[in-house]
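Protein chains in written order, with this note's numbering: chain C, 115 to 616; chain Z, 1080 to 1434.
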């Protein structure tokens, strides 16, 4: 928005009828502010001032012209009720100073100054009022929806809060597909359908923006656009504060829940009252039938890197009707659902089906799960979660493994799980030691496939995609390295257990 | 101790006119009266304030009212001596006379009385330049009383007034002077010599004589040299473009603009009975109590404020104010604000004056 020059101002009210007495050389000056002066002595005005004075004696007027000129004023307007006769010295002085000096007759200096002020600052004043109003209303706004409501009402534009991939977190989706800028600062779009502004919001240090405020409207002027951008800047603080609070609370909650669950699982048969109280504080119902699920990432141990997915997992579970506490554990996540009555076989099947869909939907990380059998009460919760965790160990995404391992009715998995004690695992690794060198990885896979597939070299060669003779040669080499005879059923059983528990 | 004789009167007249700062009235008639009296009675003895006997009293005389009225209705004879005698009949031997104004026409009234009565003239006065009101004296500034004072008109009517404040005295004096025909001979400010020494403006007659000598017409009378001799400042030389008089409550107020040919700028001179303020390019450069003179460029004689006309070519010059007026107790009485201008004293010594 180009500010008006002295020449512009003299062409419009209240100065349209002003008589230019002198200083025409300075008509291209651009006033920045308006000052009304009642007296010429000891005046102080800012650079670029437009000075309005009332009736004043000629000599004082000349002193004033010189003083305000030396301070950088660019127009002096003299308002008088009666026609005033000015001496040539006043005109000559204004000309010499190139300071436009104009007379407005029958006008009140304060009224003239007020109108000129509005002309210069009207837009800023309106912007200031709007921003103050928004700031006042945002005081009670604690969530994005109410922030967006305030913006929509005060600015009369359509605002929204967007997350990554243009996900709408509050407000209504913008009509345009707006490119979300990763850099700092607002960006504006002007196209055939009008105006849009995108304002990135950063929550943490050194993090790229993850939230964007948007405002859309039809064609608007530069002044209004500046107001909208300033308002988004004000609102961005409220959004950043909200996001930071959310993150803080969730961090605090997850740490607390992890601690309580660890204590609950470590406690003996008699749960101390303190743990029960903390469980209640965490929002858990310990009475009822619990079905535990343990999630882990199949191909990674970098759990810290996967913490960010906790909320994603929770959301996806909820989206599939699986509602319950989700707690970060050392090697993954514990999740359980609590029912008043014991879940029957159909219920378990339904749960497994839903979990399968959840795992399929989590494409960014390869999740696997163990599912425990339904157990009663606080003790039962510890049991079903422990069971789920042990079963989870058997789950996998490689061929021959299942993504979800669950406690079947026969308890076979339970037996195997029980067999997979620390002691057994250590012995397994010792037994297989000669095969565990990296260059022998093929041998272990071959042995595992051969035993899984009913000791059939043909089936194993099909699964591994190698010639049957290769399988036979590898089995001979394995027998050689381990000094065992795979024809012996006991050896095969021991080897099978060792492969699963290593 | 020195003397004034008829021969020194032209210098005195020129100097007293300059100290009039555009006011002080037309001098020729009083110069001629003084010439006649001095020729008849001989020279007058002038005492410096420090030479005067300490126990003596000094009475100040002068014309009050309008010099123009005086020209239309001349004096009958010894009005000034009568007024003086009315206040000092008791101790004649220790009575000295002085003028109250020391500038313009009134520079001569003390000489008239001294010559007529044969008493010494004290070179001290209340103003040291022309000023419009009788309560604008260095004595009034020091709180000394004008009363009792006597007014004598051309028919011999004598009025003696005794009142408290100088402002009140001025008010009564104006009313009576009007009834007396527009002017009257005044005697008042009867003071011990030691007060006059301390509170008065000293050496105005000597200063007028020196100024008059410096401005004496001669072929090589250059303004720069004269100003160097007299310590004056040239504010600008040019042609008077405009003269504007405005009505106001008590006194006429006028402005004169002088175009300076070198750069086309205008000097603006504000005047009432005297020239009081000079503004150059929007900057005040000289003000009362400095003595502001407009000198006719051809004759080098001062132009009176009431007679200033467009078209004449003048030098605008400022002479130093009498030092007494720059003292803290006195300045407020004669600074621009005392004449209704909203600015402080600007002049050579403005920085020396305590606010």
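For each residue, glycine too, the CB sits at the ideal point set by N, CA and C.
Practice item. Let me know the beta strand (DSSP E) ranges lying completely inside the segment 507 to 582 of chain C, each 3 residues or longer, listed in chain order. Key: 518 to 520
Point to revise | Cβ contact check for the segment 1109 to 1124 of chain Z and the segment 1389 to 1398 of chain Z: 3 or more pairs under 8 Å | key: no
Review point. Listed in chain order, which residues of the segment 1316 to 1337 of chain Z have Cβ atoms closer than 8 Å to some Cβ of chain B?
Key: Protein chains C and Z are contained in the structure displayed, whereas chain B is not.
Exercise for review: Taking residue 193 of chain C as part of the beta strand (DSSP E), name the residues at either end of that continuous run.
Suggested key: Within the first chain, the letter at position 79 stands for residue 193 of chain C. Where residue 193 of chain C is concerned, the enclosing beta strand (DSSP E) stretches over 189 to 194.
Check your understanding: Taking Cβ to Cβ, would you say residue 1143 of chain Z is nearer than 8 Å to residue 1256 of chain Z?
Key -> Position 64 of the second chain, counted from the first residue, corresponds to residue 1143 of chain Z. Position 177 of the second chain, counted from the first residue, corresponds to residue 1256 of chain Z. Yes, the Cβ-Cβ distance between residue 1143 of chain Z and residue 1256 of chain Z is below 8 Å.
Practice item. Indicate the three-state DSSP secondary structure (helix, strand or coil) for residue 1169 of chain Z in the structure shown. Key: Start at 1 with the first residue of the second chain, and residue 1169 of chain Z comes out as number 90. Legend: pLDDT at residue 1169 of chain Z = 48, less than 50; position of this residue unreliable, value from coordinates given subsequently. Note: residue 1169 of chain Z maps to coil in three-state DSSP.
Review point. Going along chain C, which residues have a C-beta under 7 Å from residue 1363 of chain Z?
Key: Mapped onto the second chain, residue 1363 of chain Z falls at position 284. Per Cβ cutoff of 7 Å: 177.
Check your understanding: Roughly how many whole angstroms lie between the Cα atoms of residue 283 of chain C and residue 255 of chain C?
Key -> Position 169 of the first chain holds residue 283 of chain C. Position 141 of the first chain holds residue 255 of chain C. Taking the straight line from one Cα to the other gives about 15 Å.
Check your understanding: What residues from the segment 176 to 206 of chain C come within 7 Å of chain Z, judged by C-beta to C-beta, listed N to C?
Key -> 176, 177, 179, 180, 201, 202, 203, 206
Practice item. Just tell me which of C:501, C:326, C:128 has its CA closest to the CA of residue 288 of chain C. Key: The residue you call residue 288 of chain C lines up with position 174 of the first chain. Closest option to residue 288 of chain C, Cα to Cα, is C:326.
Review point. Starting from residue 437 of chain C and walking both ways along the alpha helix (DSSP H), at which residues does that stretch end?
Key: One-based indexing of the first chain puts residue 437 of chain C at position 323. Run containing residue 437 of chain C: none; DSSP gives neither H nor E here.
Review point. Which whole-angstrom value is the C-beta distance of residue 1264 of chain Z and residue 1162 of chain Z, which I expect to be below 8 Å?
Key: Position 185 of the second chain, counting from 1, holds the residue named residue 1264 of chain Z. Position 83 of the second chain, counting from 1, holds the residue named residue 1162 of chain Z. Yes, residue 1264 of chain Z and residue 1162 of chain Z are in contact; Cβ-Cβ is about 4 Å, under 8 Å.
Practice item. Write down the C-beta distance between residue 1148 of chain Z and residue 1262 of chain Z rounded to the nearest angstrom, noting that I regard them as a contact closer than 8 Å. Key: Taking the second chain and counting its residues from 1, one reaches residue 1148 of chain Z at position 69. Taking the second chain and counting its residues from 1, one reaches residue 1262 of chain Z at position 183. Contact holds; Cβ gap of about 5 Å.
Review point. With DSSP run on the structure shown, which of helix, strand or coil describes residue 613 of chain C?
Key: Position 499 of the first chain holds residue 613 of chain C. Note: residue 613 of chain C maps to helix in three-state DSSP.
Exercise for review: Please decide whether residue 210 of chain C counts as near chain Z, where near means a Cβ-Cβ distance under 8 Å.
Suggested key: Mapped onto the first chain, residue 210 of chain C falls at position 96. Closer than 8 Å to some Cβ of chain Z, the Cβ of residue 210 of chain C qualifies, so yes.
Check your understanding: Distance, Cα to Cα, residue 313 of chain C vs residue 351 of chain C?
Key -> Locating residue 313 of chain C in the first chain gives position 199, counting from the first residue. Locating residue 351 of chain C in the first chain gives position 237, counting from the first residue. Rounded to the nearest angstrom, the two C-alpha atoms are 11 Å apart.
**Study point:** Helix, strand or coil at residue 1138 of chain Z [DSSP, three-state]
**Key:** Residue mapping note: residue 1138 of chain Z aligns to position 59 of the second chain, counting from 1. DSSP places residue 1138 of chain Z in strand when its eight states are reduced to three.
Review point. Are there 16 or more other CB atoms within 10 angstroms of the CB of residue 391 of chain C, so buried, or fewer, so exposed?
Key: Walking along the first chain from the start, residue 391 of chain C turns up at place 277. Exposed is the call here.
Exercise for review: Using 10 angstroms around the beta-carbon of residue 1347 of chain Z, count the other beta-carbons present and answer buried if the total reaches 16, otherwise exposed.
Suggested key: Your numbering for residue 1347 of chain Z matches position 268 in the second chain. By the neighbour-count rule (16 or more Cβ atoms within 10 Å), residue 1347 of chain Z is buried.
Exercise for review: Figure out for me which residue from C:408, C:291, C:250 has the closest Cα to the Cα of residue 486 of chain C.
Suggested key: Position 372 of the first chain, counted from the start, is the residue given in the question as residue 486 of chain C. The residue with the shortest Cα to Cα distance from residue 486 of chain C is C:408.
Exercise for review: Return helix, strand or coil for residue 405 of chain C, following the three-state DSSP convention.
Suggested key: By 1-based counting over the first chain, the position of residue 405 of chain C is 291. In the structure shown, residue 405 of chain C sits in a strand (DSSP, three-state: E or B).
Exercise for review: Kindly indicate if chain Z contains any beta-carbon less than 8 Å away from that of residue 351 of chain C.
Suggested key: For the purposes of this step, residue 351 of chain C is taken as the residue at position 237 of the first chain. No, because no Cβ of chain Z sits closer than 8 Å to the Cβ of residue 351 of chain C.
Review point. By the 10 Å Cβ neighbour count, where 16 or more other Cβ atoms means buried, how is residue 145 of chain C classified, buried or exposed?
Key: Locating residue 145 of chain C in the first chain gives position 31, where the first residue counts as 1. Buried: at least 16 other Cβ atoms inside 10 Å.
Review point. Helix, strand or coil: which one does DSSP assign to residue 1096 of chain Z?
Key: Within the second chain, the letter at position 17 stands for residue 1096 of chain Z. It is helical.
Check your understanding: Interface residues of chain Z around residue 172 of chain C at Cβ under 7 Å?
Key -> Indexing the first chain from 1 puts residue 172 of chain C at position 58. The contacting residues are 1334.
Check your understanding: Are the C-beta of residue 1433 of chain Z and some C-beta of chain C separated by less than 8 Å?
Key -> As a working note, residue 1433 of chain Z is residue 354 in the second chain. At residue 1433 of chain Z the pLDDT is 47, less than 50, meaning the model places this residue with poor confidence and gives no usable figure here.
Check your understanding: What distance in whole Å lies between the Cβ atoms of residue 1103 of chain Z and residue 1183 of chain Z, which are believed to be in contact at a cut-off of 8 Å?
Key -> Locating residue 1183 of chain Z in the second chain gives position 104, where the first residue counts as 1. Locating residue 1103 of chain Z in the second chain gives position 24, where the first residue counts as 1. Contact flag correct, Cβ pair sits at about 2 Å.
Check your understanding: Given a threshold of 16 other Cβ atoms within 10 Å of its Cβ, counted over all protein chains shown, does residue 599 of chain C qualify as buried or as exposed?
Key -> Mapped onto the first chain, residue 599 of chain C falls at position 485. Under this definition residue 599 of chain C is an exposed residue.
Exercise for review: Measure from the C-beta of residue 1358 of chain Z to each C-beta in chain C and report whether the shortest distance is under 8 Å.
Suggested key: For the purposes of this step, residue 1358 of chain Z is taken as the residue at position 279 of the second chain. Closer than 8 Å: yes.
Exercise for review: Pull up the DSSP beta-bridge partners for residue 1350 of chain Z, would you.
Suggested key: As a position in the second chain, residue 1350 of chain Z is number 271, starting the count at 1. In DSSP, residue 1350 of chain Z forms a bridge with Z:1333, Z:1354.
Point to revise | Under the three-state DSSP convention, the category residue 410 of chain C falls into | key: If you number the first chain from 1, residue 410 of chain C lands on position 296. If DSSP states are grouped into helix, strand and coil, residue 410 of chain C belongs with the strands.
Exercise for review: Starting from residue 133 of chain C, follow the beta strand (DSSP E) in both directions and report where the run begins and ends.
Suggested key: Position 19 of the first chain, counted from the first residue, corresponds to residue 133 of chain C. Looking at the DSSP string, the run of the beta strand (DSSP E) that includes residue 133 of chain C is 133 to 136.
Check your understanding: Hey, which unbroken runs of the beta strand (DSSP E) at 3 residues or more fall wholly within the segment 319 to 363 of chain C?
Key -> 325 to 331
Review point. What is the rounded straight-line gap between the Cα of residue 402 of chain C and the Cα of residue 439 of chain C?
Key: By 1-based counting over the first chain, the position of residue 402 of chain C is 288. By 1-based counting over the first chain, the position of residue 439 of chain C is 325. Approximately 14 Å, taken between the alpha carbons.
Practice item. Look at the Cβ atom of residue 1127 of chain Z, then the Cβ atom of residue 1160 of chain Z, and state whether they are nearer than 8 Å. Key: Position 48 of the second chain holds residue 1127 of chain Z. Position 81 of the second chain holds residue 1160 of chain Z. It is not a contact, given that the beta carbons lie outside the stated cut-off.
Review point. Quick one: complete beta strand (DSSP E) runs, 3+ long, within the segment 1363 to 1413 of chain Z?
Key: 1370 to 1375, 1392 to 1398
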